[in-house]
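Peer 1: These protein sequence lines are chains A and B, in that order.
Note that my numbering gives residue 35 to position 35 of the first sequence, counting from 1, and the numbers run on in steps of one.
Throughout, my numbering is defined as the position within the second sequence, counted from one, plus 1000.
2 protein chains.
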Amino acid sequence: MLYVVGIGAGSREGMTIAAQQAIERSALIVGYTKYVELVRAVFPEKEFASTGMKQERERVEFALREAADKVVSLVCSGDPQLYGMAGLAFELSVNYPDTEIEVVAGVSAAFSGGAVLGSPLTHDFAVISLSDLLTPMDKIRKRLECAADCDMTIVLYNPSSKNRADYLRNACDIALKYRSGDTVCGYVRNIGRDGQESRVLTLAELRDTQVDMFTTVFIGNSETKVIGGKMVTPRGYGNV
Amino acid sequence: MLYVVGIGAGSREGMTIAAQQAIERSALIVGYTKYVELVRAVFPEKEFASTGMKQERERVEFALREAADKVVSLVCSGDPQLYGMAGLAFELSVNYPDTEIEVVAGVSAAFSGGAVLGSPLTHDFAVISLSDLLTPMDKIRKRLECAADCDMTIVLYNPSSKNRADYLRNACDIALKYRSGDTVCGYVRNIGRDGQESRVLTLAELRDTQVDMFTTVFIGNSETKVIGGKMVTPRGYGNV
Chain A
1 MLYVVGIGAG
11 SREGMTIAAQ
21 QAIERSALIV
31 GYTKYVELVR
41 AVFPEKEFAS
51 TGMKQERERV
61 EFALREAADK
71 VVSLVCSGDP
81 QLYGMAGLAF
91 ELSVNYPDTE
101 IEVVAGVSAA
111 FSGGAVLGSP
121 LTHDFAVISL
131 SDLLTPMDKI
141 RKRLECAADC
151 DMTIVLYNPS
161 SKNRADYLRN
171 ACDIALKYRS
181 GDTVCGYVRN
191 IGRDGQESRV
201 LTLAELRDTQ
211 VDMFTTVFIG
221 NSETKVIGGK
231 MVTPRGYGNV
Chain B
1001 MLYVVGIGAG
1011 SREGMTIAAQ
1021 QAIERSALIV
1031 GYTKYVELVR
1041 AVFPEKEFAS
1051 TGMKQERERV
1061 EFALREAADK
1071 VVSLVCSGDP
1081 QLYGMAGLAF
1091 ELSVNYPDTE
1101 IEVVAGVSAA
1111 FSGGAVLGSP
1121 LTHDFAVISL
1131 SDLLTPMDKI
1141 RKRLECAADC
1151 DMTIVLYNPS
1161 SKNRADYLRN
1171 ACDIALKYRS
1181 GDTVCGYVRN
1191 IGRDGQESRV
1201 LTLAELRDTQ
1211 VDMFTTVFIG
1221 NSETKVIGGK
1231 MVTPRGYGNV
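(1) Tell me, please, which residues DSSP counts as bridged to Tyr1083 (chain B).
(2) Which of helix, strand or coil does DSSP assign to Val240 (chain A)?
(3) Restricting to Cα atoms, I'd like to know which of A:Leu2, A:Ser180, A:Glu205 is closest to Phe90 (chain A).
(4) Is the shortest distance between the beta-carbon of Gly1236 (chain B) and the beta-carbons of chain A less than 8 Å?
(5) Using a beta-carbon distance below 8 Å, is Ser112 (chain A) in contact with chain B?
(6) Taking Cβ to Cβ, would you say Thr215 (chain A) is nearer than 8 Å to Arg189 (chain A)?
(7) Please check if any C-beta of chain B sits within less than 8 Å of the C-beta of Arg12 (chain A).
(8) Beta-carbon separation of Leu1121 (chain B) and Thr1233 (chain B) under 8 Å?
(9) Between Met152 (chain A) and chain B, is the shortest Cβ-Cβ distance under 8 Å, so that the two count as touching?
(10) On the DSSP bridge assignment, give the partners of Leu168 (chain A) in chain order.
(11) Using a C-beta to C-beta distance shorter than 7 Å, which residues of chain A count as neighbours of Thr1233 (chain B)?
(12) Note the first and the last residue of the continuous alpha helix (DSSP H) segment covering Ala105 (chain A).
(13) Any idea what DSSP makes of Leu1064 (chain B), helix, strand or coil?
(14) Just grab the DSSP bridge partners of Met1231 (chain B) for me.
(15) Between which two residues does the beta strand (DSSP E) holding Arg1189 (chain B) run?
(16) Let me confirm a value: Ala63 (chain A) is counted as buried when at least 16 other C-beta atoms fall within 10 Å, else exposed. Which label applies?
(17) Find the nearest neighbour of Val107 (chain A) within the set A:Ser180, A:Val42, A:Gly8, judged by alpha-carbon distance.
(18) Kindly indicate if chain A contains any beta-carbon less than 8 Å away from that of Leu1038 (chain B).
(19) Quick one, which residues of the stretch 183–204 of chain A are near chain B if we go by CB-CB under 8 Å, in chain order?
(20) Helix, strand or coil for Phe214 (chain A)? Go by DSSP, reduced to three states.
(21) My understanding is that Ala115 (chain A) touches Val1104 (chain B), with C-beta atoms under 8 Å, so please give their C-beta distance in whole angstroms.
(22) Counting contacts by CB-CB distance shorter than 8 Å, is Arg1143 (chain B) in contact with chain A?
(23) So, is the C-beta of Leu1206 (chain B) closer than 8 Å to a C-beta in chain A?
(24) Could you pull the DSSP bridge partners for Phe1043 (chain B) from this structure?
(25) Rounding to the nearest angstrom, what Cα-Cα distance links Val1217 (chain B) and Asp1069 (chain B) in this structure?
(26) Could you give the first and the last residue of the continuous beta strand (DSSP E) run that contains Ala126 (chain A)?
(27) Looking at C-alpha atoms only, which residue of B:Arg1199, B:Pro1080, B:Glu1205 is the closest neighbour of Met1231 (chain B)?
(28) If you draw a straight line from the C-alpha of Lys1046 (chain B) to the C-alpha of Tyr32 (chain A), how long is it?
(29) Would Arg1193 (chain B) pass as a contact of Ser1011 (chain B) if the rule is Cβ separation under 8 Å?
(30) Considering only the alpha carbon of each residue, which of A:Met137, A:Phe111, A:Cys150, A:Pro97 lies closest to Val15 (chain A)?
(31) Specify the secondary structure class of Gly1220 (chain B) as computed by DSSP and reduced to three states.
(32) Can you list, in chain order, the stretches of the beta strand (DSSP E) that have 3 or more residues and sit fully within the stretch 5–37 of chain A?
(33) For the stretch 1021–1051 of chain B, which residues have a CB atom closer than 7 Å to at least one CB atom of chain A, in sequence order?
(34) If you measure from the beta carbon of Ala147 (chain A) to each beta carbon in chain B, is any gap under 8 Å?
(35) Is there a Cβ of chain A sitting closer than 8 Å to that of Glu1066 (chain B), yes or no?
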């Protein structure tokens, strides 16, 4: 039995009760080193196996193999679907037809980060990763164009890394084709962890800001405003 | 002190520990009748106040007023931002400047429903509500066009109601302009509650399916496939 478990942003409080229960029922917890450390802090008595960052396939294969005769939790930060391991677990499960897989949903950074900023995700939104490791840059650009054009709030995952220092600037330039430089934006770094930082700023300011890979970025829609320092998208449109 | 709390899909297991703690700390729990009943089942000893479906403004005003001198939780299903009360709480808070508001994120139906279907949300996606109560239909249509055009997985909230029986069909017709009728889709009804039902089907089949307002609908991207009966979007693009 394999649980693919979302642990939320990283603190115990951000986990669901179902995630806790899945981990408690498991004989082995598998995950990327950093997330395994977060879980170990909450469940120190458990057995763990961790792998490095780019070893997703090996990690999932290992978890599926171990799950043949025991209960295993494969832990992911946020939700296990979104840029996580759940899809890969199903893809590789064709080689392990007898292993049952259950996905245990978690709070993704769009929502945990949004809650820190206020309520940027009150209305329709799009989530786009700026990482072109597994997705062609043309596809990412097209998605940014479309999401900006139809006035959805946009959440950017993986907004930056050592080799992609200008990706956030390029994404903002696409948004600026459709939205004013005064559009309310925000970002949150280290959501729910030590050193959490957040800032509400304009799209023009965001364009000239450097963020790191532990940051989630929010570009508001045309109605998003600042209320008491918070980033707030209204539910409805004033012109309805 | 006002907590605006997402309780997830409805079962106790779907709540985060932070949501539980906020409710435990509160002297009064306020919400829409149906969600208050779900919370009351878990915390029977608490004091509750519930209001009907279209009384959002009254409900939030009441919660803000009560929160002036005690700890109040305003509970929402799923996440409190998305089509929830958090945005309205900040908007109305200008009249209650001394009341602190904290948003407690929850697992929205996109993620809890996605976990039931498999892993439809592995990659970039858009969430769009088909309700035109507070949003002009032109804007909804434009968003459907854009999201379909750029090959994002699409999650539809409020796909139907008594007066909008053909809205899902119209949304599918927009998607069919950009995607094959064989595109993998899915829906989940009563997520995490008694009578939960789900189905994986094609976009052509979805077009001719009636769903109700308790249903969340998923339209896969061009790479989404069916694996062992589950709806699975791969992480990467084969052509990278």
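Backbone N, C-alpha and C fix where the C-beta goes; we use that ideal spot for every residue, glycine too.
Peer 2: Looking at the atomic coordinates:
(1) Answer by DSSP bridge pairing: none, since Tyr1083 (chain B) is not bridged.
(2) Here the model assigns Val240 (chain A) a pLDDT of 43, short of 50, so the residue's position is not dependable and the matter cannot be decided.
(3) A:Leu2
(4) yes
(5) yes
(6) When the beta-carbon positions are compared, Thr215 (chain A) and Arg189 (chain A) come within less than 8 Å of each other.
(7) yes
(8) yes
(9) With respect to chain B, the C-beta atom of Met152 (chain A) has a partner C-beta closer than 8 Å.
(10) Paired residue(s): none; Leu168 (chain A) is not in a bridge.
(11) One finds Gly87 in chain A with Cβ atoms closer than 7 Å to the Cβ of Thr1233 (chain B), taken in chain order.
(12) It is not in any alpha helix (DSSP H) - Ala105 (chain A) carries neither H nor E in the DSSP assignment.
(13) helix
(14) B:Gly1118, B:Val1226
(15) 1184–1189
(16) buried
(17) A:Gly8
(18) no
(19) none
(20) DSSP places Phe214 (chain A) in coil when its eight states are reduced to three.
(21) 7 Å
(22) yes
(23) no
(24) Answer is none; Phe1043 (chain B) lacks a bridge partner.
(25) If you take the alpha carbons of Val1217 (chain B) and Asp1069 (chain B), they lie about 41 Å apart.
(26) 125–129
(27) Residue nearest to Met1231 (chain B) within the set B:Arg1199, B:Pro1080, B:Glu1205 is B:Arg1199 (criterion: CA-CA distance).
(28) 40 Å
(29) yes
(30) According to the sequence as given, residue 15 (chain A) is Met; it is not Val. Looking at the Cα atoms, A:Phe111 is the closest of the given residues.
(31) coil
(32) 28–32
(33) Gln1021
(34) yes
(35) no
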